[in-house]
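Enquirer: To start, I am sharing the structure in question, which I have written as structure tokens.
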Amino acid sequence: MSLFQAFLIALIGYSSSIYGPWFLGLMGGWYTIGRPLIAGTIIGIILGDIQTGILIGAAIQALYIGLVTPGLSMPGDVNFAAYIGIPLAIVSGATPEYAVSLSVPLSFLGVAFVYLVVTVNVLFVHKQEQWIESGKLGLATKVPIIGNITQFIVRFFPILLANYYGAAYVSKLVNIIPESLGNIFIVLGGMLPAVGFGLLLKFIMKDNIELLYFLFGFVLIAVFKISIIPATIIALLFAYLDIKYNKSFSKEGVA
Amino acid sequence: MTANKLSKRDTFKVYINWIMYSLSCQNMERMEAPAFSRIMGLVADKLYDKEEDKQELLLRHAQFFNTEPLIGSIIPGIVLGMEEKKSCGEDIPDELISSIKTALMGPFAGIGDSLMAGTLVPILLSIALGLSKDTGSLAGPIFYVITYLGIMLPLTWFLFRKGYTAGINSAEMILGGGKKDLITRAANIVGLMVIGAISAQYVSANVGLGYTSGDMAISIAPVLDGIFPSLVPLLLTLLSWFLLDKKKMNIGWIFLIFIIISVACSVTGILVP
Numbered sequence: 001m002s003l004f005q006a007f008l009i010a011l012i013g014y015s016s017s018i019y020g021p022w023f024l025g026l027m028g029g030w031y032t033i034g035r036p037l038i039a040g041t042i043i044g045i046i047l048g049d050i051q052t053g054i055l056i057g058a059a060i061q062a063l064y065i066g067l068v069t070p071g072l073s074m075p076g077d078v079n080f081a082a083y084i085g086i087p088l089a090i091v092s093g094a095t096p097e098y099a100v101s102l103s104v105p106l107s108f109l110g111v112a113f114v115y116l117v118v119t120v121n122v123l124f125v126h127k128q129e130q131w132i133e134s135g136k137l138g139l140a141t142k143v144p145i146i147g148n149i150t151q152f153i154v155r156f157f158p159i160l161l162a163n164y165y166g167a168a169y170v171s172k173l174v175n176i177i178p179e180s181l182g183n184i185f186i187v188l189g190g191m192l193p194a195v196g197f198g199l200l201l202k203f204i205m206k207d208n209i210e211l212l213y214f215l216f217g218f219v220l221i222a223v224f225k226i227s228i229i230p231a232t233i234i235a236l237l238f239a240y241l242d243i244k245y246n247k248s249f250s251k252e253g254v255a
Numbered sequence: 001m002t003a004n005k006l007s008k009r010d011t012f013k014v015y016i017n018w019i020m021y022s023l024s025c026q027n028m029e030r031m032e033a034p035a036f037s038r039i040m041g042l043v044a045d046k047l048y049d050k051e052e053d054k055q056e057l058l059l060r061h062a063q064f065f066n067t068e069p070l071i072g073s074i075i076p077g078i079v080l081g082m083e084e085k086k087s088c089g090e091d092i093p094d095e096l097i098s099s100i101k102t103a104l105m106g107p108f109a110g111i112g113d114s115l116m117a118g119t120l121v122p123i124l125l126s127i128a129l130g131l132s133k134d135t136g137s138l139a140g141p142i143f144y145v146i147t148y149l150g151i152m153l154p155l156t157w158f159l160f161r162k163g164y165t166a167g168i169n170s171a172e173m174i175l176g177g178g179k180k181d182l183i184t185r186a187a188n189i190v191g192l193m194v195i196g197a198i199s200a201q202y203v204s205a206n207v208g209l210g211y212t213s214g215d216m217a218i219s220i221a222p223v224l225d226g227i228f229p230s231l232v233p234l235l236l237t238l239l240s241w242f243l244l245d246k247k248k249m250n251i252g253w254i255f256l257i258f259i260i261i262s263v264a265c266s267v268t269g270i271l272v273p
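Just so you know, the sequences run in chain order A and B.
Sequential numbering from 1 applies to the first sequence in this note's numbering.
Sequential numbering from 1 applies to the second sequence in this note's numbering.
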């Protein structure tokens with residue numbers, strides 16, 4: 001594969017990753033050119049063998065057809081599977097199964113990268129807040145563009161290198177992140193949303209006793225394992241009852 | 001009714017920027033907040049003259065926000081409508097806007113993930129696969145791209161516009177009926193419960209600690225789960241709230257504390273991925 005072809009595949013691969021904004025975000029990116037079937041078509045065009053591209057893309061697509069990515073849980077890294085697995089399978093004349101087997105070791109790396117990105121990006125959030133507070137609103141507004149650099153680094157370069165240097169390079173790539181460091185990022189990544197929710201609580205809650213509502217919402221999910229929409233319906237019922245039976249409204253209102 | 005400050009073109013700009021950048025600076029602490037702050041920043045000059053008001057607007061939306069961005073595009077629509085009314089001098093409390101955002105993000109994440117990502121996409125892909133699987137024909141990819149974008153582009157714009165109109169009208173409905181306190185209170189309660197619910201979903205900490213005594217291996221995690229499921233995530237969330245609200249601690253320090261906890265607990269094996 002020529003450097004130029006690898007470059008094109010890496011650029012489109014990055015744009016079609018879950019946080020790539022350039023093709024209308026999730027809509028044209030992740031859910032369109034990010035699907036292995038469409039990726040196979042595009043890679044086939046770049047490498048000059050559309051039919052093989054579609055066939056291999058379809059085989060990988062069949063594996064990942066039910067891939068739903070709620071929040072941040074990533075069952076497998078379809079981005080590397082598509083943009084590294086498919087091109088390497090096409091150039092080596094291998095079967096779709098080969099493309100899938102290549103993507104499996106990359107899956108762990110891909111998931112570690114997701115956690116790395118969402119952890120490092122916290123720095124941009126704080127930068128944005130600083131910029132707003134010091135009146136640099138233009139810069140603050142550009143944070144989603146500037147902050148995408150992390151996603152570019154962890155998607156563009158691995159795809160470029162793997163495609164240009166070939167399958168032998170994939171195993172080297174997988175060993176880039178030592179397991180212990182990856183673990184720290186995953187543990188930290190799991191804990192950090194607590195900070196965001198702490199902030200929200202501070203913002204919305206007026207009275208300490210209202211923590212009970214928060215706790216009840218938590219218990220509904222953690223203990224009773226119901227899903228978010230039923231939990232919201234229960235919340236609506238509570239809000240209704242509170243208003244209906246709260247005598248203070250008629251007299252002084254709630255400030 | 002006060003004059004509208006935003007043209008349809010402005011609302012389209014906000015919509016497109018939301019669709020593009022909602023996840024582009026996705027982060028564990030506030031998730032889609034940078035994008036929400038950005039789309040408000042794009043219209044800040046149209047809504048307010050004073051710099052302080054613009055700063056407040058952006059800060060208001062730098063708070064945690066996370067939903068499925070496509071079906072959930074109705075939420076930035078609603079918020080934009082409410083913010084426009086607020087900037088026209090209507091008395092809409094900040095916390096009402098925050099509570100409404102918070103109350104809606106969970107349900108729309110659920111609807112978007114299950115209906116769009118979990119139903120529409122797999123159905124369209126299955127049809128496309130049927131067209132291309134054995135032949136390698138272009139019909140499958142073309143079918144998928146046209147139907148998926150043909151449904152989602154108009155749908156997300158429709159939802160955003162509906163949200164925007166609803167946001168403007170709701171402002172009038174709430175204020176006109178003199179029900180502001182009631183609705184603020186209701187949105188607050190729903191918001192608090194939804195924060196609790198999504199904390200349980202998103203904050204995770206797996207306790208890996210255990211010990212072996214003779215043939216018997218005891219791990220701590222099931223014991224903790226027996227006392228209270230997801231106890232550690234709950235304590236972490238409460239800790240962060242306590243430090244922020246009660247100790248007035250700077251967010252940077254809390255971030256540092258969490259890094260130290262995660263390094264220490266990960267290295268010692270107290271917490272595992």
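Glycine is no exception: its CB is placed at the ideal position from the N, C-alpha and C atoms.
From a predicted model like this one, the values you see are computed outputs, not experimental measurements.
Counting C-beta neighbours from all protein chains within 10 Å, is the total for L72 (chain A) 16 or more, i.e. buried, or is it exposed?
Expert: Reliability of the predicted coordinates at L72 (chain A) is poor, the pLDDT of 43 falling under 50, and the value obtained from them is presented with this limitation in mind. So L72 (chain A) ends up on the buried side.
Enquirer: Would L80 (chain B) and V14 (chain B) be called neighbours here (beta carbons separated by less than 8 Å)?
Expert: yes
Enquirer: With DSSP as the reference, label A171 (chain B) as helix, strand or coil.
Expert: Helix, per DSSP.
Enquirer: In this structure, how does DSSP classify L181 (chain A) when only helix, strand and coil are distinguished?
Expert: In the three-state reduction of the DSSP assignment, L181 (chain A) falls in the helix class.
Enquirer: Can you give me the start and stop residues for the beta strand (DSSP E) that N218 (chain B) sits inside?
Expert: According to the sequence as given, residue 218 (chain B) is Ile; it is not Asn. Per DSSP, I218 (chain B) belongs to the beta strand (DSSP E) from M216 to S219.
Enquirer: Hey, G198 (chain A) and T237 (chain B) are a contact pair by Cβ (cut 8 Å); roughly how many whole angstroms apart?
Expert: 6 Å
Enquirer: Mapping the DSSP letters down to three states, classify Y48 (chain B) as helix, strand or coil.
Expert: coil
Enquirer: Give the DSSP-derived three-state secondary structure of F65 (chain B) in the structure shown.
Expert: In this structure, F65 (chain B) counts as strand in the three-state DSSP scheme.
Enquirer: Here's a check: name, in chain order, each residue in its chain whose Cβ is nearer than 6 Å to the Cβ of F44 (chain B), leaving out the five neighbours to either side.
Expert: It is Ala, not Phe, that sits at residue 44 (chain B) in the sequence shown. Excluding positions up to five away in sequence, the list reads K54 and L57.
Enquirer: Quick one, which of A:S2, A:L3, A:S16 and A:F4 has its alpha-carbon nearest R155 (chain A)'s?
Expert: A:S16
Enquirer: Relative to the C-alpha of F7 (chain A), which residue among A:L116, A:P36, A:I145 and A:F152 is closest?
Expert: A:F152
Enquirer: In whole angstroms, give me the CA-to-CA distance for D242 (chain A) and A186 (chain B).
Expert: 8 Å
Enquirer: Would you kindly report the start and end of the unbroken alpha helix (DSSP H) that includes D77 (chain A)?
Expert: Looking at the DSSP string, D77 (chain A) is not in any alpha helix (DSSP H), and its letter there is neither H nor E.
Enquirer: For M31 (chain B), name the three-state secondary structure that DSSP assigns.
Expert: strand
Enquirer: What residues in its chain sit with their C-beta under 7 Å from that of S204 (chain B), if we drop five residues either side in the sequence?
Expert: Contacts found: P233.
Enquirer: Based on the DSSP secondary-structure assignment, which residues constitute the bridge partners of Y321 (chain B)?
Expert: Not covered by the structure: residue 321 (chain B). The range shown for chain B is 1 to 273.
Enquirer: Would you mind giving the Cβ-Cβ distance between G191 (chain B) and I56 (chain A), rounded to the nearest angstrom? I have them listed as a contact below 8 Å.
Expert: Not a contact, Cβ separation roughly 47 Å.
Enquirer: So for V223 (chain A), helix, strand or coil by DSSP?
Expert: coil
Enquirer: Kindly list, in the order they appear in chain B, the residues whose Cβ is closer than 8 Å to that of I54 (chain A).
Expert: Under the 8 Å cutoff, chain B gives S132, G136, S137, L138, G140 and P141.
Enquirer: Is N79 (chain A) near G34 (chain A), with beta carbons less than 8 Å apart?
Expert: yes
Enquirer: Whose C-beta lies closer than 7 Å to the C-beta of G210 (chain B) among residues of the same chain, with five residues either side of it excluded?
Expert: A217, I218, S219 and I220
Enquirer: What residue from A:N183, A:Q5 and A:I146 has the CA that sits closest to S266 (chain B)'s CA?
Expert: Considering only alpha carbons, the answer is A:N183.
Enquirer: Quick check: the region 88-104 of chain B against the region 64-78 of chain B, are at least 3 beta-carbon pairs closer than 8 Å?
Expert: yes
Enquirer: Pop quiz: I90 (chain A) and G53 (chain A) are said to be a contact at Cβ under 8 Å. What is the actual Cβ separation, rounded to whole angstroms?
Expert: 6 Å
Enquirer: List, in order along the chain, the chain D residues whose C-beta lies closer than 7 Å to that of T119 (chain A)?
Expert: Here chain D cannot be found, since the structure's protein chains are A and B.
Enquirer: Using a threshold of 8 Å, state whether the C-beta atoms of A200 (chain B) and A239 (chain A) are closer than that.
Expert: no
Enquirer: Tell me whether S180 (chain A) is buried or exposed, calling it buried when 16 or more other Cβ atoms sit within 10 Å of its Cβ.
Expert: exposed
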